[in-house]
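Step one of this worksheet: look at the structure below.
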Amino acid sequence: MAAIAEASLSAAETRKPRAIWVAIRRNPTIFVGSLVLAVLALMAIFAPLIAGDPLRMAPAERLRPPSETWWFGTDQFGRDVFARTVYGARVSLIVGITVALAASAIGLVIGLVCGYSRSVDGIVMRIMDGIMAIPSILLAIALITLTRPGLAIVLVAIIIPEVPRIVRLVRSVVLSIREQPYIESAIAGGTRGAKLLFKHILPNTVAPLIVQATYVCASAMLVEASLSFLGAGVPPEIPSWGNIISQGRSFFQIAPWSILIPGAFLTVTILAVNLVGDGLRDRLDPRLSRRM
Amino acid sequence: MSILQVRDLRTHFFTQDGVVRAVDGVSFEVGLGETVAVVGESGCGKSVTALSILRLIPKETGRIVGGEILFNGRDLTKLSEEEMRSIRGHEISMIFQEPMTSLNPVLTIGTQIAENVVRHKGVSWEEARRRAKEMLELVRIADPERRLDEYPHQLSGGMRQRVMIAIALSCDPKILIADEPTTALDVTIQAQILDLMIELKKKINAAIIMITHDLGVVAETAQRVIVMYAGRKVEEAPIEDLFDNPMHPYTRGLMAAIPRLDIEAEVGGRRTRLHEIPGMVPVLTKPIPGCAFAPRCAFATDRCRTQAPPYVESTPGHVAACWEVDRVREMAA
Chain R
3 MAAIAEASLS AAETRKPRAI WVAIRRNPTI FVGSLVLAVL ALMAIFAPLI AGDPLRMAPA
63 ERLRPPSETW WFGTDQFGRD VFARTVYGAR VSLIVGITVA LAASAIGLVI GLVCGYSRSV
123 DGIVMRIMDG IMAIPSILLA IALITLTRPG LAIVLVAIII PEVPRIVRLV RSVVLSIREQ
183 PYIESAIAGG TRGAKLLFKH ILPNTVAPLI VQATYVCASA MLVEASLSFL GAGVPPEIPS
243 WGNIISQGRS FFQIAPWSIL IPGAFLTVTI LAVNLVGDGL RDRLDPRLSR RM
Chain V
430 MSILQVRDLR THFFTQDGVV RAVDGVSFEV GLGETVAVVG ESGCGKSVTA LSILRLIPKE
490 TGRIVGGEIL FNGRDLTKLS EEEMRSIRGH EISMIFQEPM TSLNPVLTIG TQIAENVVRH
550 KGVSWEEARR RAKEMLELVR IADPERRLDE YPHQLSGGMR QRVMIAIALS CDPKILIADE
610 PTTALDVTIQ AQILDLMIEL KKKINAAIIM ITHDLGVVAE TAQRVIVMYA GRKVEEAPIE
670 DLFDNPMHPY TRGLMAAIPR LDIEAEVGGR RTRLHEIPGM VPVLTKPIPG CAFAPRCAFA
730 TDRCRTQAPP YVESTPGHVA ACWEVDRVRE MAA
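Sequence order for the protein chains is R and V. Numbering of the first sequence is given in the numbering used here, commencing with residue 3 and proceeding in unit increments. Numbering of the second sequence is given in the numbering used here, commencing with residue 430 and proceeding in unit increments.
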């Protein structure tokens, strides 16, 4: 008797951790991806606590290989690559998150309107096609040369070409949801335009939108790094992974660490975002999730 | 006293292949609290008639081109979109065929019922939620309080159709249009849903327009039947008259096509084949000068093919559009 009671007690105790364990087992990709992103986010937020000044130059300590004092080595100005990489995470995460949120919000509104109104659709979608036809890096370079360089303009330059991708997705979801019997039955119940759109159609677009937003996030980070590498991104005084790689380029043969380490961080971050995106897609797609 | 009068309704669709005369001059009346069944095979214009009454014909392709639909003396074909909205789901509501997809997957059951009440009755959400719970009890869903917060995927097909009925009846409609409400359900659930509808109809005193291709459903629920063929009404009769004494050859064909277990299955060692109506439903893009059923009819004459038949009334309330009514009757006797 006592043994049974004890067993059921211990089962109750372990239920909670076990539930988490089951969730991890079910979606290992989401778990791994978010774990990596959480570590990177903490690193970015607490950068001043874990790393020194990323801009301080130590001419006597130039091009030092990774060691106990300089974990990731130093660059040609004697700057700490570890500190610069840690601070660089801030730029990448800010760019990724801001672009994903802004492009989703703008794209959602335009996509909903396009999917709903045929007259708007014809005009706006041609504009979106036009924007999609412009290579995103060229557009960014053009925008940046027209204005003063800075993080804000980089964000705008990346958001603009991402918007049409979201618009197309939301529009296609709205078009298919519109034909669903439950929308017809909502109309048969007297539901009017705006309410139909926001209450009955909008919630159905959320799942694919979240998934697409993660891909936009990853792509934004990559574009930012490319722009910074080309010298058209964030100003060189701000340490971003693209900047660090760009500045270390001429010393690649004698100091490969100043390129390989920020490059590895960039790769892992984008991989983590994509893992979360893939995991969410599997989880949010009702046809796939039912099988699990 | 009739609540709905449909007079010479014509709903056409304008497609690339030409004008489809989906509903071509249909007239009928629905009395207060009466159940009228509209039967016919797929594509005969049953659903289009129903959608026309609610003015839900997709604007891009179709239009009500003629006739009038009088509801409480008001012509629905002439109302503004705004006025129509206050009628839909309130005074005339509709249940669709597919309970699996007729509920929004992202909204709870409670929200979907309460929304209709809030929209048409202008009450608070708390009040509407109370009404929603009442409605779930009315359609006999167990544990309504819990079900209010559930999503459609947590309910079975039969329960979803009950929820659809709850939504449709939540504002005490005068007319309930049921477009094949039981077609997608299995047989035992069909019977339950039909019983429920008959029972609730008495409670709420709504008229029902039951659209179906199932004569079994008709026999069980309706007081009067309208048989449609190729967008036209071919016969209309009180329920007993129709089953005892069908006048139109098409109606007779439909009845003969019902599988039956009570007649001798084997004749001379061979199984009798299920009767079918020969031929195909006519193409609705070409005008049909005579009787639409003539090409498939055993009684058809040249007159049938060239002149539209008049409605002949045999007994009070029993009319059929056929030139050869007398011959058909002789055959039956």
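Note that the Cβ used here is the ideal one computed from N, Cα and C, for glycine as well. Every value quoted in this text rests on a predicted model; they were computed, and no experiment measured them.
At a Cβ-Cβ threshold of 8 Å, residue 66/R and residue 81/R do not count as neighbours.
Residue 584/V has a beta carbon lying at 8 Å or more from every beta carbon in chain R. At the C-beta level, residue 588/V and residue 524/V stay beyond 8 Å of one another. Assignment of alpha helix (DSSP H) within the segment 625 to 704 of chain V, counting only whole runs of 4 or more residues, yields 644 to 650, 668 to 673, 678 to 685 in chain order. Proximity of residue 609/V to chain R, defined by a Cβ-Cβ separation below 8 Å, is not satisfied. The criterion of a C-beta distance shorter than 8 Å is satisfied by residue 565/V and residue 577/V. In this structure, residue 467/V lies near residue 638/V, with their beta-carbon atoms less than 8 Å apart.
The straight-line gap separating the alpha-carbon atoms of residue 436/V and residue 477/V is approximately 15 Å. With 16 or more other Cβ atoms from the protein chains shown falling within 10 Å of its own Cβ, residue 45/R counts as buried. Under DSSP, residue 443/V shares a beta bridge with 448/V. For residue 191/R, the closest Cβ of chain V is nearer than 8 Å. At a Cβ-Cβ threshold of 8 Å, residue 99/R and residue 219/R count as neighbours. Judged by DSSP in its simplified three-state form, residue 543/V adopts helix. Non-local C-beta neighbours of residue 283/R in its own chain, meaning closer than 7 Å and more than five positions away in sequence, comprise 213, ordered along the chain. Fully enclosed beta strand (DSSP E) runs of no fewer than 3 residues are not present anywhere in the segment 221 to 294 of chain R. Listed along chain R are 192, each with a C-beta nearer than 7 Å to that of residue 519/V.
In this chain, residue 497/V is not harboured by any alpha helix (DSSP H); it is covered by the beta strand (DSSP E) spanning 491 to 500.
Taking a contact as a CB-CB distance under 8 Å, the pair residue 451/V and residue 606/V does not count as one, their CB atoms being some 16 Å apart. Counted as a single uninterrupted DSSP element, the stretch harbouring residue 712/V is not any alpha helix (DSSP H), since DSSP gives it neither H nor E. According to the DSSP assignment, residue 164/R belongs to no beta strand (DSSP E) but to the alpha helix (DSSP H) extending over 153 to 180.
Between the alpha carbons of residue 501/V and residue 430/V lies a gap of roughly 10 Å.
For residue 89/R, no Cβ of chain V is located within less than 8 Å of the residue's own Cβ. Residue 175/R is a Cβ neighbour of residue 210/R, given a cutoff of 8 Å.
In the structure shown, residue 513/V adopts helical secondary structure according to DSSP, grouped into three states.
DSSP, reduced to helix, strand and coil, places residue 524/V within a strand of the structure shown. Following the DSSP letters along the chain, one finds residue 89/R inside the alpha helix (DSSP H) bounded by residues 83 to 118.
At a cut-off of 8 Å between C-beta atoms, residue 535/V counts as an interface residue with respect to chain R. Given a length threshold of 4 residues, each whole run of the alpha helix (DSSP H) inside the segment 552 to 628 of chain V is given here in chain order: 554 to 567, 573 to 576, 586 to 598. Listed along the chain, the chain V residues whose CB falls inside 9 Å of the CB of residue 121/R amount to none; the nearest CB is some 12 Å away. With 16 or more neighbouring CB atoms inside 10 Å of its own CB, residue 562/V falls in the buried class. The beta carbon of residue 134/R sits closer than 6 Å to the beta carbons of 166 from its chain, once the five residues preceding and following it are set aside; these are given in chain order. Listed along the chain, the chain R residues whose CB falls inside 7 Å of the CB of residue 530/V are 182, 183, 184. Listed by position along chain R, the residues whose Cβ is nearer than 9 Å to that of residue 614/V form an empty set, because the closest Cβ is around 15 Å away.
Under the DSSP assignment, residue 41/R falls outside any beta strand (DSSP E), being part of the alpha helix (DSSP H) whose first and last residues are 30 to 47. For residue 530/V, DSSP assigns no beta-bridge partner whatsoever.
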